[in-house]
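Q: For reference, the structure I am asking about is given below.
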Amino acid sequence: MRFISVIAIKEIRTYFASPMAYVVSAAFLAITGFFFVASVSDAFAEASIRGYLAGAVFFMIFMSPALTMRLIAEEQKLGTLELLLTSPLREFEIVFGKFLAAFATTLVMIILSLYFVIVLFVYGDPDIGPLLSGLLGLSLYAAATLAVGLFASSLSSNQIVGLVVGSGILTALTIIDFVSERLSGLASEVLNAFQLGASFSVFDLDSFGVAEGGHFADFARGIISLTDIAYYSSITAVFLLLTVLVLEARRWR
Amino acid sequence: MIKIEHMSKSYGPYPAVIDISFEVLKGEIVGFLGPNGAGKTTTMRVVTGFTPPTDGDVTVGGYDVVSHSLDVRRHIGYLPETVPLYLDMTVTDYLTYMGEIRGMNSWWVKERLPKVIDMVRLGEYRNTLVGRLSKGYRQRTGIAQAILHEPDVLVMDEPTIGIDPIQVVETRELISNLGEEHTMLLSSHILPEVSAICKRVLVINDGRIVADDKPNDLSEKLQHAERIEISVRGAEAPAFINAMRDLSAVVDARSDQRVAVVQNAEREDFLPFIVDARPNMQASEQIAKIVVENGWGLSNLTPLPMTLEEIFLELTTEENLGE
């Protein structure tokens with residue numbers, strides 16, 4: 325545990341010592357802000373954060389791999405991975421520490437964006453249930469996307485490769501319904517079960533995050549289902565495990 | 061402290077180290093010598109637990125590097141070839157972090173850090189970003205992280221590569237001092253360095269150990285040739301070389317190709333040669349006599365001591381010829 329926190333604290337300090345955290349936060353606030361404003365500025369708009377959630381779910385496909393791309397790729401490039409792997413650390417301590425740093429940074433961004441909620445309470449009467457479930461879902465979703473990004477970062481010493489591979493995996497998981505709706509029966513259902521978020525929720529301004537499909541829709545509606553929690557937790561666990569395996573495999577090369 | 065028995069390591073089908081065995085005793089400073097690609101770095105990576113051996117047993121302080129990798133890593137300080145540094149951290153932050161991931165608690169780091177910074181003379185740079193340091197100071201920072209947690213065994217891969225000559229001298233001094241309290245395995249392809257620091261030298265070539273001796277004994281053993289530097293005026297190069305080869309004490313003769321020597325000889329209108337001679341046969345006298353008999357002018361006749369570089373070449377080329 326001590327090693328995990330040592331690594332996490334170091335990485336968090338690196339995030340906030342470089343422009344990375346600030347630039348990404350600014351972009352996150354701008355994009356989610358745009359979606360939030362678009363969703364609540366209709367004549368009879370409902371006081372919810374669904375627009376914000378739709379924007380956040382969309383943007384994290386790129387933001388999470390951008391946040392994590394440095395974490396392992398740079399250690400390989402600088403050669404510091406050799407130091408980490410010859411220190412009395414286990415691979416999972418390295419991976420989990422770095423993951424926690426990225427997750428904490430993302431949570432800071434989510435907390436910064438909570439002024440949308442204050443705005444809602446000032447000008448409207450939002451339903452508190454969907455608001456909380458939406459934020460819970462967003463945190464779980466963020467964890468899953470960061471784990472995918474961290475895995476992508478472990479694949480090479482090139483950060484851009486990490487970014488492209490990470491966003492690629494996340495995009496594929498998001499638009500999986502393009503394929504599944506052309507299939508039928510079991511194959512279609514299996515594919516649907518893997519869908520990360522709703523592919524059209526972002527572009528369909530009327531549905532704003534409540535579009536069918538994906539594991540995020542229920543959270544946005546105020547439903548906390550065990551299936552969805554299990555899905556995002558599994559994606560997180562599986563990709564963190566894969567990252568550990570990649571690091572372990574590196575020793576044998 | 062370090063015991064390697066019949067260790068081999070291959071990267072895919074490419075063997076990097078083939079069946080090497082040696083032991084480094086507690087308190088010993090062993091130099092690991094070889095050209096680039098000989099297997100030095102690979103051996104060190106196995107010893108430090110970075111990569112497991114393909115075959116054979118390697119133990120450090122009694123712990124096996126594969127089954128007790130964490131115990132091994134706890135007792136080792138390692139300076140890899142490319143000094144691994146986080147460029148956006150200050151020296152103090154970097155060293156504190158390195159200490160912590162080596163399992164030091166904050167009290168121990170606080171106690172130890174100023175001493176280590178003094179030892180490597182980084183005092184005035186303690187709050188400088190590592191990325192702003194010159195190469196020599198980065199090297200010192202690298203050495204500092206290796207000794208910070210007071211490891212029993214120090215492994216240093218090419219610790220003086222790529223730094224300027226003055227800093228090389230300082231770094232060597234620093235390493236020699238460290239050797240007084242650590243067991244040390246140090247690699248280099250610069251031979252005077254190894255003979256200056258180490259009490260024992262292992263020569264490795266093509267993944268095999270070709271010599272294991274004290275630096276002095278190594279040169280004595282290989283002193284089966286004397287080398288003589290000679291400059292003559294008025295002789296044709298082929299005629300001189302043939303005349304030399306006819307002498308009983310001479311093994312071979314050739315033109316001296318070293319740029320400085322050639323330029324100097326041209327200016328003074330002399331031809332420079334190198335003559336390899338058999339020892340204890342008064343080769344210099346024989347050569348001088350021939351030069352005089354032929355009516356050539358003799359400007360310089362100096363026996364050259366064999367440097368470790370040449371011994372090293374001798375060893376590794378012999379190995380190649382043997383194959």
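Going down the list, the protein sequences come from chains A and B.
Residue numbering for the first sequence follows my numbering, beginning at 325 and increasing consecutively.
Residue numbering for the second sequence follows my numbering, beginning at 61 and increasing consecutively.
Ideal Cβ positions, reconstructed from N, Cα and C, are used throughout, including at glycine.
Is DSSP giving residue 54 of chain B helix, strand or coil here?
A: In this structure chain B extends from 61 to 383, so residue 54 of chain B is not present and cannot be described.
Q: DSSP puts residue 469 of chain A in a beta bridge; with which residues?
A: Answer is none; residue 469 of chain A lacks a bridge partner.
Q: How is the alpha helix (DSSP H) around residue 238 of chain B delimited, first residue to last?
A: 225-238 is the extent of the alpha helix (DSSP H) around residue 238 of chain B.
Q: Give the C-beta separation of residue 297 of chain B and residue 308 of chain B to the nearest angstrom, bearing in mind that I take them to be a contact with Cβ-Cβ under 8 Å.
A: About 22 Å separates the two Cβ atoms, so there is no contact after all.
Q: Output the boundary residues of the alpha helix (DSSP H) element that contains residue 574 of chain A.
A: Segment 550-576, the alpha helix (DSSP H) holding residue 574 of chain A.
Q: DSSP three-state call for residue 382 of chain B: helix, strand or coil?
A: Confidence at residue 382 of chain B is low in this model, with a pLDDT of 36, below 50, so its placement is unreliable and the value that follows should be read with caution. Note: residue 382 of chain B maps to helix in three-state DSSP.
Q: Look at the alpha carbon of residue 334 of chain A and the alpha carbon of residue 175 of chain B, and state the distance between them as a whole number of angstroms.
A: Distance between the alpha carbons of residue 334 of chain A and residue 175 of chain B is about 23 Å.
Q: Once DSSP output is grouped into helix, strand and coil, what is the label at residue 88 of chain B?
A: Residue state, collapsed to three classes: coil.
Q: Output the distance between the C-alpha atoms of residue 559 of chain A and residue 250 of chain B, rounded to the nearest integer angstrom.
A: Roughly 51 Å between the two C-alpha positions.
Q: Pick from A:426, A:407, A:480 and A:448: whose alpha carbon is nearest that of residue 367 of chain A?
A: Ranking A:426, A:407, A:480 and A:448 by Cα distance to residue 367 of chain A puts A:448 first.
Q: Looking at the strands, I want to know which residues DSSP matches up with residue 67 of chain B.
A: Note: residue 67 of chain B sits in a beta bridge opposite B:80.
Q: Between which two residues does the alpha helix (DSSP H) holding residue 324 of chain B run?
A: It spans 319-327 - the alpha helix (DSSP H) in which residue 324 of chain B sits, taken as one unbroken run.
Q: Within 10 angstroms of the Cβ of residue 286 of chain B, are there 16 or more other Cβ atoms? Answer buried if so, exposed if not.
A: Under this definition residue 286 of chain B is a buried residue.
Q: From which residue to which residue does the beta strand (DSSP E) around residue 313 of chain B run?
A: Note, residue 313 of chain B: beta strand (DSSP E), 310-315.
Q: Got a sec, what are the start and stop residues for the alpha helix (DSSP H) residue 330 of chain A sits in?
A: First-last of the alpha helix (DSSP H) with residue 330 of chain A: 326-341.
Q: Can the beta-carbon of residue 195 of chain B be found less than 8 Å from the beta-carbon of residue 223 of chain B?
A: Cβ atoms of residue 195 of chain B and residue 223 of chain B: closer than 8 Å.
Q: What are the residues in the segment 145-165 of chain B lying within 9 Å of chain A by C-beta distance?
A: Listed in sequence order: 145, 146, 147, 148, 149, 153, 157, 158, 160, 161, 162, 163 and 165.
Q: State buried or exposed for residue 306 of chain B, treating a residue as buried only when at least 16 other CB atoms are found within 10 Å of its CB.
A: The residue is exposed, with fewer than 16 neighbouring Cβ atoms inside 10 Å.
Q: Just verifying my parser: in three-state terms, what is the DSSP assignment at residue 269 of chain B?
A: Looking at residue 269 of chain B - three-state DSSP - the assignment turns out to be strand.
Q: Establish whether the CB of residue 136 of chain B and some CB of chain A are separated by less than 8 Å.
A: Cβ-Cβ to chain A under 8 Å: yes for residue 136 of chain B.
Q: Smallest Cα separation from residue 482 of chain A: which of A:516, A:415, A:394 and A:451?
A: Among A:516, A:415, A:394 and A:451, the Cα nearest to that of residue 482 of chain A is on A:394.
Q: Does residue 123 of chain B come out as helix, strand or coil in the three-state DSSP assignment?
A: Strand at residue 123 of chain B.
Q: Kindly say whether residue 362 of chain B, judged by its beta-carbon, lies nearer than 8 Å to any beta-carbon of chain A.
A: Output row for residue 362 of chain B: interface = no.
Q: Of all the CB atoms in chain B, is at least one closer than 8 Å to the CB of residue 299 of chain A?
A: Absent from the structure is residue 299 of chain A, since the part of chain A shown begins at 325 and ends at 577.
Q: Beta-carbon separation of residue 586 of chain A and residue 570 of chain A under 8 Å?
A: Past the edges of chain A, shown from 325 to 577, lies residue 586 of chain A, and the structure says nothing about it.
Q: Using a Cβ cut-off of 8 Å, pull out every chain A residue sitting near residue 130 of chain B, in sequence order please.
A: The contacting residues are 412 and 414.
Q: Scan the segment 358-394 of chain A and note each continuous alpha helix (DSSP H) run of 4 residues or more that stays entirely inside, going in chain order.
A: DSSP runs (the alpha helix (DSSP H)) wholly in the segment 358-394 of chain A: none.
Q: Can you name the residues that DSSP bridges to residue 260 of chain B?
A: For residue 260 of chain B, which the question treats as bridged, DSSP gives the partners B:90.
Q: If you compare alpha carbons, which of B:137, B:116 and B:172 is closest to residue 108 of chain B?
A: Checked all of B:137, B:116 and B:172; the closest Cα to residue 108 of chain B is B:137.
Q: Considering Cα atoms alone, identify which of A:439, A:515, A:461 and A:444 is closest to residue 370 of chain A.
A: Nearest C-alpha to residue 370 of chain A: A:444.
Q: Assign residue 325 of chain A to one of two classes, buried (16 or more other C-beta atoms within 10 Å of its C-beta) or exposed (fewer than that).
A: When all chains shown are included, residue 325 of chain A counts as exposed.
Q: Please classify residue 365 of chain A: is it buried, with 16 or more other beta-carbons within 10 angstroms of its beta-carbon, or exposed?
A: By the 10 Å Cβ count, residue 365 of chain A comes out exposed.
Q: Which word fits residue 261 of chain B, buried or exposed, when buried means at least 16 other C-beta atoms lie within 10 angstroms of its C-beta?
A: It counts as buried.
Q: Does DSSP classify residue 427 of chain A as helix, strand or coil?
A: Residue 427 of chain A: helix per DSSP, three-state reduction.
Q: For the segment 550-577 of chain A, list every residue whose C-beta sits within 9 Å of some C-beta in chain B, in sequence order.
A: Residues passing the 9 Å Cβ filter: 574, 575, 576 and 577.
Q: Which whole-angstrom value is the C-beta distance of residue 313 of chain B and residue 333 of chain B, which I expect to be below 8 Å?
A: Going by Cβ atoms, the distance from residue 313 of chain B to residue 333 of chain B rounds to 6 Å, so yes, they are a contact pair.
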